[in-house]
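What follows is a short report on a single structure.
Protein chains: 2
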Amino acid sequence: MIQYSLRQLEYLVACIDTGSVAGAAQKLNVSQPSISVSITKLEATLGVQLLIRHHAQGVSPTAAAERLVQSGRNLLSHAYELQRQAHLEGEAISGELCVGSFITIAPSYLPRVIKNLKGVHPEIQIQLREGTQDQLVSKLRDGLLEMAFLYDEDLPEDLRKVELATVSPYVLLPRHHPLVKRKSVSLSELAPEPFILLDVQPSRRYFTGLFEAEDLTPNIAYSSSSLETVRGLVGCGLGYSLLVTRPKGDLTYDGAALVVRPIKEMSRKSRIVLASLNALRPTQIMKSFEEFSVAHFKAG
Amino acid sequence: MIQYSLRQLEYLVACIDTGSVAGAAQKLNVSQPSISVSITKLEATLGVQLLIRHHAQGVSPTAAAERLVQSGRNLLSHAYELQRQAHLEGEAISGELCVGSFITIAPSYLPRVIKNLKGVHPEIQIQLREGTQDQLVSKLRDGLLEMAFLYDEDLPEDLRKVELATVSPYVLLPRHHPLVKRKSVSLSELAPEPFILLDVQPSRRYFTGLFEAEDLTPNIAYSSSSLETVRGLVGCGLGYSLLVTRPKGDLTYDGAALVVRPIKEMSRKSRIVLASLNALRPTQIMKSFEEFSVAHFKAG
DNA sequence: AAGATTGCATAGTTTTATACTATTTAGTCA
DNA sequence: TGACTAAATAGTATAAAACTATGCAATCTT
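Chains as they are written, first to last, in full-length UniProt numbering: chain F, 1 to 300; chain E, 1 to 300.
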């Protein structure tokens, strides 16, 4: 248990610096007796005399105080630094922000949002975490993340959500698939075809749900938790896939061409939201990040 | 002005370590609400939320707290260290002690006192300062020294004195001086002879005072503030000197032989005291040092 | 040497901080 | 649903810290 306070230390240092109790009092805008008793108490609790009182001539530190006050000054400057950091943490648009993103959202949107934000607030450091929806939600709850880009699917009540965009699922076909000729493709046509499923929650549930809504059962041929793997599998003709986030290019990593078609049923749209913990009062950085995210999605 | 306290920080860290407010309370032997309000206030003054409260499941640090608490832990451990240091400073027989000595006393006595002390308390570090009586007194007053070996001559009232020894002045003669034949020498015989005066206060006043008391005027031929210079001047036959502290050997630095004779008038003795500031409460080290000094002078 | 001045300490009082117990609130878990 | 868990709040007592006013013991002034 700590027995003295930063304030006492502050008073002591001020006395030593100004060479008098009254001087310290003036410097710190408190009364002279406040300092006097504070230091007397400090001496009592530490069991060392710290100041030599010269009548009518101020005070000077004892040799012991001289030895202690070096560490004391360090301690105080660390304490000030911590306070400054803390204030910035709450009020300044600078410092660090831990942001998560559902894996399929991250590569398409995050880079640009961060770039825009950095353009205006270059001091912000952003830590990125990707993961499944469940992982991200629990990280938000544990304070490991401050905000996260998520799909508004099965999100718990303790999150505050800001809508960023509504996106529609689409069909991804290999270049030479027969359905490529259609302007749009219906789920009933797709159901018997080999389906390459992006197997991460909530995507899996969302895509299978699309079929269920039409009383259809998809023919799941492959599944992968990696968006790029799914695109690769489709690219080499192993089947079609349903996806929501659309990378700009229509080439896979290994160069195969892909074709995108809308779903005829104009199925239920999905919302991308920026989520954060309801129990967490937003900091200035968080507000700023939110603002930039909204602006980015509105624009592009 | 620091706006938070070490105690608040202590509570916060305990909460984060135990993962709950109640746990921290138990660990620190305070009530749960004490911690709760303390942290709420800390959050308010710093302007950042620090803990996420999970109903019925304790608390976890926000990302901001996570970032701050690293410095916080450092700060606390420094604070503990400082407290430990301070306590030792007052109570333990270890650490540092700044001791002064009048120049003519230092070489004869200090080394052995320090050696004896170090034998029993090897952790004590002793800082030595030599100087004139005035210099030492003002250093004592300024807290630059904790104790000093002084002659009890013209010492101000604000010093506490512990008598170590009473010493008598003696006559120092060159090897071939005519007065060497006497068993003791009277001041009246010395008065016309060339006097080599140790010119440091209070020695100067003391020695000239010896003559004044007998209504004599010494013939001051040379004066020096260095004891060894005075001995050297005597050694090469330039005159006699009066001294109090007697080095063991009777050879000067350049090898000339010296002879010591008592003063016939059995003049007033001088006291060597260990002085410290009355206004300074003695620490354990100081007490220990004093004890060893007294013992040393009693023994040898 | 007397009186003014300086500067810390103490006394008395008020305000604020911290502590406690008891209770409420809002979740989880069976 | 009811039992349980853990933090928040209310109400109150105590301790810490603040202030003003005054005292005291030096130094400085004339």
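Beta carbons are placed, not taken as given, at the ideal position from N, Cα and C, and that holds for glycine.
Worksheet item: In terms of DSSP beta bridges, what is M147 (chain E) paired with?
Response: E:V99
Worksheet item: On the premise that L97 (chain E) lies in contact with F292 (chain E), defined as a C-beta separation below 8 Å, what is that separation, rounded to the nearest angstrom?
Response: That belief does not hold up - the Cβ atoms of F292 (chain E) and L97 (chain E) are roughly 11 Å apart, past 8 Å.
Fill in: Simplified DSSP assignment, three categories, for K264 (chain E)
coil
Worksheet item: Hey, quick one: how far does the alpha helix (DSSP H) through R67 (chain E) stretch, first residue to last?
Response: A63 to E91
Worksheet item: Can you tell me the Cα-Cα spacing of residue 330 (chain E) and V260 (chain E), whole angstroms?
Response: Missing from the structure shown is residue 330 (chain E); chain E here goes from 1 to 300 and no further.
Worksheet item: Name the residues in the region 188–211 of chain E whose C-beta lies less than 9 Å from a C-beta of chain F; which are they?
Response: none
Discussion item. Count Cβ pairs between the region 171–191 of chain E and the region 233–241 of chain E that sit closer than 8 Å; are there 3 or more?
Written reply: yes
Item to complete: Select from the region 112–146 of chain F all residues with a C-beta closer than 8 Å to any C-beta belonging to chain E, and list them in chain order.
Response: R141, D142, G143, L144, L145 and E146
Worksheet entry | Per-residue contacts from P156 (chain E) into chain F (C-beta, under 7 Å) | Within 7 Å Cβ-Cβ: nothing; P156 (chain E) doesn't reach chain F, min ~12 Å.
Discussion item. With DSSP as the reference, identify every bridge partner of L242 (chain F), one or two as the case may be.
Written reply: F:V171
Worksheet item: Given that P169 (chain E) touches chain F, what residues does it touch there, using C-beta distances under 8 Å?
Response: Per Cβ cutoff of 8 Å: no residues; P169 (chain E) is ~33 Å from chain F at best.
Worksheet item: Taking the continuous alpha helix (DSSP H) assigned at A295 (chain F), which residues delimit it?
Response: Q284 to A299
Fill in: Same chain, Cβ closer than 6 Å to G58 (chain E), neighbours up to 5 away in sequence not counted
G19 and S20
Worksheet entry | Simplified DSSP state of Q125 (chain F), which is helix, strand or coil | Strand.
Worksheet item: How would you write the range of the beta strand (DSSP E) that R141 (chain E) sits in, first residue to last?
Response: First-last for R141 (chain E): Q133 to R141, but that is the alpha helix (DSSP H), not the beta strand (DSSP E).
Discussion item. Assuming I35 (chain E) is part of the alpha helix (DSSP H), what are its boundary residues?
Written reply: Per DSSP, the unbroken alpha helix (DSSP H) holding I35 (chain E) starts and ends at Q32 to L46.
Item to complete: Mind listing, in chain order, the continuous alpha helix (DSSP H) runs of no fewer than 4 residues lying wholly within the region 202–237 of chain F?
Response: 203–213 and 227–235
Worksheet item: Hey, quick one: how far does the beta strand (DSSP E) through R53 (chain E) stretch, first residue to last?
Response: L51 to R53
Worksheet item: Any idea what DSSP makes of R112 (chain E), helix, strand or coil?
Response: Residue state, collapsed to three classes: helix.
Worksheet item: What residues of chain F sit near S224 (chain E), judged by a beta carbon separation below 8 Å?
Response: Result: empty, since nearest Cβ-Cβ is about 31 Å, beyond 8 Å.
Discussion item. Alpha carbons only, please: which of F:N219, F:L258 and F:E153 is nearest the one belonging to L233 (chain F)?
Written reply: A check of alpha carbon separations from L233 (chain F) across F:N219, F:L258 and F:E153 identifies F:L258 as the nearest.
Discussion item. Taking the alpha carbon of D154 (chain F) as the reference point, which residue from F:V273, F:Q83, F:T229 and F:Q32 has its own alpha carbon closest?
Written reply: F:V273
Worksheet item: In the structure shown, what three-state DSSP assignment does R7 (chain E) receive?
Response: Three-state DSSP puts R7 (chain E) in a helix.
Worksheet entry | Coarse secondary structure for K161 (chain F), derived from DSSP in three states | strand
Worksheet item: Between which two residues does the beta strand (DSSP E) harbouring A22 (chain E) extend?
Response: Looking at the DSSP string, A22 (chain E) is not in any beta strand (DSSP E); the run it does join, the alpha helix (DSSP H), is V21 to L28.
Item to complete: Take V294 (chain E) and list the residues in its own chain whose beta-carbon comes closer than 7 Å to its own, dropping the five residues that flank it on each side.
Response: Excluding residues up to 5 positions away in sequence, V162 and L164 lie with their Cβ nearer than 7 Å to the Cβ of V294 (chain E) in the same chain.
Item to complete: Helix, strand or coil for residue 319 (chain E), going by three-state DSSP, please let me know.
Response: Residue 319 (chain E) is absent from the model: chain E starts at 1 and stops at 300.
Fill in: Closest Cα partner of Y222 (chain F) within the set F:R231, F:E214, F:D215 and F:L216
Nearest of F:R231, F:E214, F:D215 and F:L216 to Y222 (chain F), Cα basis: F:R231.
Item to complete: Could you list the residues in the region 2–21 of chain F with a C-beta less than 7 Å from some C-beta on chain E, going in chain order?
Response: I2, Q3, Y4, S5, L6, R7 and E10
Discussion item. To the nearest angstrom, how far is the alpha carbon of A25 (chain E) from that of L6 (chain F)?
Written reply: 22 Å
Worksheet item: Hey, Y4 (chain E) and L46 (chain E) are a contact pair by Cβ (cut 8 Å); roughly how many whole angstroms apart?
Response: 6 Å
Worksheet item: Given A64 (chain E), which residues of its chain have a CB within under 6 Å of its CB, disregarding the five upstream and five downstream residues?
Response: V48
Worksheet item: Quick one: Cα of T132 (chain E) to Cα of P202 (chain E), how far?
Response: 8 Å
Worksheet entry | Straight-line Cα distance separating I196 (chain E) from S108 (chain E) | S108 (chain E) and I196 (chain E): Cα-Cα distance of roughly 21 Å.
Worksheet item: Exposed or buried, which one is P61 (chain F) when buried takes at least 16 other CB atoms within 10 Å?
Response: buried
Discussion item. I'd like to confirm the pairing. Which residues does DSSP put opposite I272 (chain E) in its beta bridges?
Written reply: E:Y151 and E:A165
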